[in-house]
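Protein chains: 2
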Amino acid sequence: MITPTNQPTTADLTEDTQGSLIAAGKVNGASVYGADAERIGHIEDLMIDKRAGTVEYGVLHFGGFLGLGSKHYAVPWRMLRYDNELEGFVVENITKARLDNAPVYEPAGVRDWNMVDNYWGM
Amino acid sequence: MITPTNQPTTADLTEDTQGSLIAAGKVNGASVYGADAERIGHIEDLMIDKRAGTVEYGVLHFGGFLGLGSKHYAVPWRMLRYDNELEGFVVENITKARLDNAPVYEPAGVRDWNMVDNYWGM
Numbered sequence: 060m061i062t063p064t065n066q067p068t069t070a071d072l073t074e075d076t077q078g079s080l081i082a083a084g085k086v087n088g089a090s091v092y093g094a095d096a097e098r099i100g101h102i103e104d105l106m107i108d109k110r111a112g113t114v115e116y117g118v119l120h121f122g123g124f125l126g127l128g129s130k131h132y133a134v135p136w137r138m139l140r141y142d143n144e145l146e147g148f149v150v151e152n153i154t155k156a157r158l159d160n161a162p163v164y165e166p167a168g169v170r171d172w173n174m175v176d177n178y179w180g181m
Numbered sequence: 060m061i062t063p064t065n066q067p068t069t070a071d072l073t074e075d076t077q078g079s080l081i082a083a084g085k086v087n088g089a090s091v092y093g094a095d096a097e098r099i100g101h102i103e104d105l106m107i108d109k110r111a112g113t114v115e116y117g118v119l120h121f122g123g124f125l126g127l128g129s130k131h132y133a134v135p136w137r138m139l140r141y142d143n144e145l146e147g148f149v150v151e152n153i154t155k156a157r158l159d160n161a162p163v164y165e166p167a168g169v170r171d172w173n174m175v176d177n178y179w180g181m
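Chains as they are written, first to last, in the working numbering: chain A, 60 to 181; chain B, 60 to 181.
Listed below in structure tokens is the structure:
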């Protein structure tokens, strides 16, 4: 029998970050930090393999500072490590210089995931 | 050098569903259909294994019809199959009767994923 319940809001549903699992809704928008724990951007979305159910890429949003443009980059997921203390993801090996030449994620543009893998050496 | 660009909106970023990958932002909110292709609910969120980067569970939202309550259920991800034609996920083996007794996903409640696996025979 279905009974009325106080339903959790989406915000409630995505607060669970302490266990081995994390809600995708909590990942999207999560801060991304460089090796020095400085915030360099955030995760805009995840790219998931439909069949395998594996997270393959994070779509990261960097930039937009000093009035200049910002860009989205697809980065292999295994470059990201969740840090419980920072409550965000750390990428140890992304430098600004390396990002400048990295494949940009564009909705109507190149979807060459092999190029992304090759660029990041994955 | 960073140059200003026309940045894609979040909506743009999540429109990619035809390839082998799908954006998490497109998965959240996606319709869920029963074996008869009738819409029975939608995906509210995904639970991702932080270390392995695997989607382990879908948090599904069913019910809310006839003025009665609705509930969230955690369902093992491999029970869901993406259907390009329906542009949503199909669960072949979930019946209403089976859902009635299924473990409910509650934000402050039980987080017993083993119970979820056992219930659904995974």
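Glycine included, each C-beta is placed from N, C-alpha and C at the ideal position. Since we're looking at a predicted model, the values are computed, not measured.
Would residue i be called buried (16 or more neighbouring beta carbons within 10 Å of its own) or exposed?
i	result
G117/B	buried
V163/A	exposed
A111/A	exposed
N87/A	buried
D104/A	buried
E144/B	exposed
S115/B	In the sequence on display, residue 115/B carries Glu and not Ser. Classification for E115/B: buried.
Go to residue i, then tell me how far its beta strand (DSSP E) extends in each direction, as first and last residue.
i	result
G182/B	Because chain B spans 60 through 181 in this model, residue 182/B falls outside it and cannot be assessed.
A82/A	L80 to A82
D108/A	R98 to D108
Would you kindly check if the distance between the Cβ of residue j and the Cβ of residue i is under 7 Å?
i	j	result
V134/A	R140/A	no
I107/A	I81/B	yes
A94/A	A83/B	no
T113/B	T113/A	yes
Skipping 5 residues on each side, what residues in its chain have a beta carbon closer than 8 Å to that of residue i?
i	result
E165/B	H131
A89/B	H101, I102, E146, G147 and F148
D176/A	P135
D171/A	P162
Can you list, in chain order, the residues of its chain with a C-beta nearer than 6 Å to that of residue i? Leave out the 5 residues immediately preceding and following it.
i	result
E151/B	A94
M174/B	P162
N160/A	none
Y92/A	R98, L145, G147 and V149
A156/B	none
M181/A	P135
D142/A	V149
What first and last residue would you give for the alpha helix (DSSP H) that runs through residue i?
i	result
V28/B	Here chain B comprises residues numbered 60 to 181, so residue 28/B is not present and cannot be evaluated.
D142/B	It is not in any alpha helix (DSSP H) - D142/B instead sits in the beta strand (DSSP E) that spans R140 to D142.
D176/B	W172 to Y178
Please indicate yes or no: does the CB of residue i lie closer than 6 Å to some heavy atom of the ligand GTP?
i	result
L119/A	No copy of the ligand GTP appears in this structure; indeed no ligand is present at all.
Report all residues from its chain with a CB closer than 7 Å to the CB of residue i; omit the five preceding and five following residues, and keep chain order.
i	result
W179/B	V134, P135 and M138
F121/A	I99, G100, S129, K130, Y132 and L158
A96/B	L145
Tell me, please, which residues DSSP counts as bridged to residue i.
i	result
Q113/A	Here residue 113/A is Thr; the residue named in the question, Gln, does not match the sequence. T113/A pairs with T113/B.
V134/A	G117/A
V91/A	G100/A and F148/A
With 8 Å as the C-beta to C-beta threshold (strictly closer), list the residues of the stretch 80–98 of chain B near chain E in chain order.
The question asks about chain E, but that chain is absent: this structure's protein chains are A and B.
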